[in-house]
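Taken in order, the sequence shown gives residues 1 to 250; the numbers are from my numbering.
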Amino acid sequence: DEYLISPMIPFDGHKNVVRYTYWSSCNYIPAIYEVLAFGPDTVVLYPPDTVRTGVRTPKRLDVSNLNGNYAIAIHCISDNNRSCIEFSDFSVYEATLPEVSTENVGRVTDFTARCHGYWTYDGNADTEFGFCWSTSPNPTVNDSHLPEDVGHSYMHYFYTDLTGLTPGTHYYVRAYATNMVGTVYGEQLEFTTTLFSLNGIPCPGTPTITDVDNNTYNTVGLDGVCWMKENLRTTHYADNTPIAYGGNNL
């Protein structure tokens, strides 16, 4: 076994994060490593991981469970009994809240919508970015939410496709970012799903409507629009003012 050990570092057991890079100098031999913390007790920070020769592998670890003086060690578990690892770029820093914004909502259908976001700062920690939505304002991660689609992020931009939405429904959506410190939200946007799949059936949420005279009308969805199925029969405006008729020809 081989250990490459950093100097002893004081940790406050709160918001510390370790960033390090290691690489294998074995010629065409994959090496397997784990990362440990030696101090008041021994803690495995990162489980066994394989790295091939010449590939620098950056890692970032949450070490909020450490309290006291520790040395971080890269432990070479298997390298065919050869000494062939090099340790570099070790640092410890404090995690903070991330920053994220809600960019836009598009590709809205009866049941889906695509949300775009942008993050400006990850808080120096492993951070989950995504979107939360609700039919009520100011949605949170306690409401419906999804992380960003894997592979659908570029240069801090990310997006997620919301699914399982209800046709003809108004939604509120916000981007979110969560790390070991907490959760923050972007600006709130709004959108309404369409009704194109509901041709010939009652409008969802409003199968009937009632006028000021208490006449009830059935509704129907046609080409993405909710319509009344019957002609209006009321004799008053919404403020109860009588509707004047122009003569017997009406």
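Ideal placement from N, C-alpha and C gives every residue a C-beta, glycine not left out.
- In the DSSP annotation of this structure, the continuous segment of the beta strand (DSSP E) that includes SER134 starts and ends at 128 to 134.
- The DSSP-derived three-state label of SER144 is strand.
- Closest option to ASP62, judged by alpha-carbon separation, among ALA95, ASP161 and THR166: ALA95.
- Approximately 5 angstroms separates the beta-carbon atoms of PRO204 and GLY168; this is inside 8 angstroms, confirming the contact.
- Around the beta carbon of TRP119, 16 or more other beta carbons sit within 10 angstroms, so the residue counts as buried.
- About 6 angstroms separates the Cβ atoms of PRO98 and ASN179, confirming a contact at the 8 angstroms cut-off.
- PHE11: member of the beta strand (DSSP E) spanning 9 to 12, first to last residue.
- Counting only residues of its own chain and dropping the five nearest sequence neighbours on each side, PRO48 has a CB closer than 8 angstroms to the CB of ILE32, TYR33, GLU34 and ILE77.
- Distance between ASP143 and TYR70, taken at the CA atoms: about 39 angstroms.
- For the pair GLU190 and TYR171, the CB atoms are nearer than the 9 angstroms cut-off.
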